[in-house]
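Using our numbering, the first residue of the sequence shown is number 3, and each one after it goes up by one. Beneath this line is the structure, given in structure tokens, with notes to follow.
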Amino acid sequence: MTIHTESRFVPVAPETVFDLVADVERYPGFLPMWKAARIRKRESGSVYYTEQRVGVGPINERFTTKTVLGRPAWIEVTSHDRLFREFFIRWHFAPAEGGARVGVELCWQVHSRLLQQGIDLVLPKTARAMIGAFEHEAKRGMILQRAYAT
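So this is what it looks like as structure tokens:
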């Protein structure tokens, strides 16, 4: 099982990044690898189930996830889909001077050895790219808000 953690400062309020990470249906518009994401069921204001599709090159996989929101400090995404032996993504958001400290812990273990070798190679890069994509999208949203406010 491969687990990768990544943490960095982003110059955006932690609540802004939290809201963006929680808005899974927006992922295909800005997040590398995400081809589709749709909330299928809401259990409460803090739990929802999503059908997602990710892909790189010729590899495309569909899976379902359960997301639990611990507003405003954490988000946990898990899957017991048959594609995975284990799958979780844990996000942490903490206030920091001038922005937020954002951390992500990723674990994607699949049944296919060949696919797992590919995941092991790209997981560190994926974690960095995910935080970068969320940071970029949050900044873009702030710029658009300012433009509409004037």
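Glycine included, every Cβ here is placed at the ideal spot set by N, Cα and C.
Within the same chain, show all residues whose beta-carbon is closer than 6 angstroms to that of residue i, passing over the 5 residues directly before and after it, in chain order.
| i | result |
| --- | --- |
| Tyr29 | Trp36 and Ala39 |
| Phe32 | Ala135 and Glu139 |
| Leu71 | Ala24, Ser48 and Ile77 |
| Val26 | Ala39 and Thr52 |
| Arg64 | Arg55 |
Could you check what DSSP says for residue i in three-state terms: helix, strand or coil?
| i | result |
| --- | --- |
| Gly134 | helix |
| Leu123 | helix |
| Pro16 | helix |
| Thr4 | coil |
| Arg142 | helix |
| Ala38 | strand |
Could you please give me the residues that DSSP links to residue i through a beta bridge?
| i | result |
| --- | --- |
| Ser51 | According to the sequence as given, residue 51 is Tyr; it is not Ser. Per DSSP, Lys43 and Lys68. |
| Phe32 | The partner list for Phe32 (beta bridge, DSSP) is empty, contrary to what the question assumes. |
| Ala96 | Arg103 |
| Gly57 | Asn62 |
| Gln111 | Glu88 |
| Arg2 | Outside the shown range of the chain (3 to 152) lies residue 2, about which nothing can therefore be said. |
| Thr80 | Lys68 and Phe90 |
Below 7 angstroms CB to CB, which residues in the same chain sit around residue i once its five sequence neighbours on both sides are set aside?
| i | result |
| --- | --- |
| Phe11 | Ala98, Gly101 and Arg103 |
| Arg87 | Gln111, Val112 and His113 |
Leaving aside the five residues before and after residue i along the sequence, list all residues of the same chain whose C-beta is less than 8 angstroms from its C-beta, in chain order.
| i | result |
| --- | --- |
| Leu22 | Arg28, Phe136, Glu139, Ala140 and Gly143 |
| Arg130 | Glu8 |
Inset, instruction - For the stretch 96–115 and the stretch 7–22, state whether three or more C-beta atom pairs, one from each stretch, are separated by less than 8 angstroms. - result: yes
Legend entry - Validate contact between the stretch 109–119 and the stretch 133–144 using beta carbons, cut 8 angstroms, 3 pairs: no
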